[in-house]
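In my numbering, the protein residues as written are 4 to 108.
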């Protein structure tokens with residue numbers, strides 16, 4: 004989380020605290036540059052092990068036209084039948100949909 008937060012906000016994170024749900028105790032650790040670099044290295048290592056063909060097949064619809072997930076794939080810019088990328092999704096459109104959603108709160 005420290006790497007994600009520091010990248011999102013462009014600020015260094017000095018400490019992280021976690022509450023252990025099992026016993027309710029808090030665990031605080033110092034965040035170091037070396038630790039962040041190690042986390043990034045591990046994430047990159049895992050990412051390179053994900054086969055691209057597996058990712059492509061994850062986006063392929065097997066349910067047919069009645070699949071509610073297909074509309075979601077099209078909005079993300081993927082063809083539900085082939086899994087191929089069909090368009091670039093505009094960030095403004097996604098933001099507009101997010102803020103115009105009818106939410107109960």
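The beta carbon of each residue, even a glycine, is placed where N, CA and C say it ideally should be. These figures come from a predicted structure and were not determined experimentally.
Are the beta-carbon atoms belonging to residue 34 and residue 19 less than 8 Å from one another? Taking the chain shown and counting its residues from 1, one reaches residue 34 at position 31. Taking the chain shown and counting its residues from 1, one reaches residue 19 at position 16. Yes, these two residues count as a Cβ contact at 8 Å.
Check the DSSP bridge columns for residue 33 and list the partner residues they point to. The residue given as residue 33 occupies position 30 in the chain shown. Per DSSP, 18.
Taking residue 4 as part of the alpha helix (DSSP H), name the residues at either end of that continuous run. Working through the chain shown from its first residue, we reach residue 4 at position 1. Looking at the DSSP string, residue 4 is not in any alpha helix (DSSP H), and its letter there is neither H nor E.
From residue 27 to residue 84, what does the alpha carbon distance come to, in whole angstroms? The sequence position of residue 27 within the chain shown is 24, counting from 1. The sequence position of residue 84 within the chain shown is 81, counting from 1. Our two residues, residue 27 and residue 84, have alpha carbons roughly 47 Å apart in a direct line.
6 Å Cβ shell around residue 1 - same chain, five flanking residues per side excluded: Residue 1 cannot be examined here, being either before or after the span of the chain that is shown, 4 to 108.
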